[in-house]
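K.L.:
Quick one: the structure is below, questions incoming.
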Amino acid sequence: MSGDAPVASPRHRYLVTGGAGFIGSHLSEALLERGHEVVALDNLSTGSAANVESLQSDGSYRLVLGSVLDTQLLDELVEECDTVLHLAAAVGVKLVVEQPLRSLVTNIRGTEHVIEAAHRYRRAVFIASSSEVYGKNTDVPLHEASDCVVGTPSKSRWGYSLSKAIDEHLAMAYSREKGLTTVIARFFNTVGPRQSPSYGMVIPRMIEQALAGDPLTVFGDGTQTRCFCHVTDVVRAVIGLLEEPRAQRDVFNIGSTEEVSINELARRVIDVTGSASQVVHIPYEQVYSSGFEDMLRRVPDTAKIKSLIGWSPTHKLDSILRSMLEHTAAG
Ligand code: NAD
């Protein structure tokens, strides 16, 4: 794919890195539903084969077990596909704080390999970036030109933010200097069925705690707020951007603007699950390391994507919680 033609049509073969992950599996499913082919590359470090079990019987789908750090494999897969959707990453603050080196290597070197291969074969590449790039900027709502305000490199949590910012820089530099066709999206908190509770994601963890009758753990004082967007809304936004030539060589926020404090979130999880669980507050120092810095608010300005493709989220928090509960209860 080159020039300004839409990336998503007609029938395309997509390489989805991180395709067995939470967002990657939903995105793959949506692409197959639209009649495309999907090759998923995943090392199953945080994703799982169970996430894509229902896709395996589709002749247009193939899961390749391997890493974006394997340049030879990546080269072969990029060559055989039309467009690359790069979602593979070391994800989540917990993982990043506990294994900073793995996170940096996966997120920076892995992305560089993906972009280089895409450039070599003149493929368009979509980059999954993150609201983490805004760091400590509290000047909400955050719009795409807002400053990235990150803390000291002595605190490993900022490595994730910086790695995603470097990914964006790499994609933009390849685009400007070498003509790479790229679309970058900054996902804000994305939630929904299949999101694992194992890597510090707040809603799956709270639902698991509520169903087990365990206390719901809120880190810090719980007044920090977040906006949670359903994964099907996020996938619709990504595909909308892929189908819109004017989205190329640009960056877009994707997220909900329904702001909720983590204390309120815990109350809603208890309501939706009918649990008798209590809420306990745990100091950040006990969960991460001393001096851990969190963002008080993280609200996206989504005017840019709305005006370009008319996108806005359709799911409210309560319906998101219900859909995640149903998925968890279904096993
Ligand atoms: P996820 O952990 O489910 O997905 C990441 C996938 O990448 C996993 O399947 C994992 O096994 C795979 N992976 C990791 N290292 C790999 C490697 N070296 N080679 C191949 N595969 C590898 O998490 P997700 O929430 O689906 O995240 C997808 C993307 O969206 C990531 O780039 C993440 O940074 C970004 N993002 C997610 C959110 C969110 O709220 N979920 C927010 C901002 C950005």
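Just so we're aligned, residue 71 is where the sequence shown starts under my numbering, counting upward by one.
Virtual Cβ for every residue (Gly too), placed ideally from N, Cα, C.
Fair warning: this is a prediction, and the values are worked out from it, not measured in the lab.
1) Distance, Cα to Cα, F362 vs G283?
2) According to DSSP, is F92 helix, strand or coil?
3) Measuring only from the beta carbon, is K234 closer than 8 Å to any heavy atom that is part of the ligand NAD?
4) Roughly how many whole angstroms lie between the Cα atoms of V219 and H213?
5) Spatial neighbours of G105 within its chain, please: CB distance less than 6 Å, with the 5 preceding and 5 following residues excluded, ordered by chain position.
6) Kindly indicate the opening and closing residues of the alpha helix (DSSP H) around I236.
7) May I ask you to list the residues that DSSP assigns as paired with G65?
8) The beta strand (DSSP E) with L111 in it runs from where to where?
9) Could you tell me which of D152, C299, R319 and P285 sits nearest to A243, measuring between CA atoms?
10) Quick check: is any heavy atom of the ligand NAD less than 8 Å from the C-beta of S98?
11) What number of angstroms, rounded off, separates the C-alpha of E150 from the C-alpha of A336?
12) If I measure Cβ to Cβ from D209 and keep anything under 7 Å in the same chain, skipping five residues before and after, which residues do I get?
13) Quick one: what's T260 bridged to in DSSP?
14) Considering just the uninterrupted stretch of the alpha helix (DSSP H) at T176, what are its terminal residues?
15) Would you mind sorting Y269 into buried or exposed? The rule is 16 or more other CB atoms within 10 Å of its CB.
16) Can we count E202 as close to the ligand NAD, meaning its CB is less than 8 Å from some heavy atom?
17) In this structure, does DSSP put Y84 in helix, strand or coil?
18) Could you check where the alpha helix (DSSP H) with H397 kicks off and where it finishes?
19) Looking only at C-alpha atoms, which of T398, S130 and G249 sits nearest to E186?
20) Report yes if the C-beta distance between A255 and F196 is below 9 Å; otherwise report no.
21) Note down the Cα distance separating T260 from T287, rounded to an integer number of angstroms.
22) Shortest alpha-carbon distance to P370 belongs to which of S389, E329 and N113?
P.N.:
Looking at the coordinates:
1) 28 Å
2) helix
3) yes
4) 13 Å
5) R81
6) R227 to K248
7) Since the first and last residues shown for the chain are 71 and 401, residue 65 lies out of range.
8) E107 to D112
9) R319
10) no
11) 46 Å
12) S216
13) C299
14) Run containing T176: none; DSSP gives neither H nor E here.
15) buried
16) yes
17) strand
18) L387 to A399
19) G249
20) yes
21) 20 Å
22) E329
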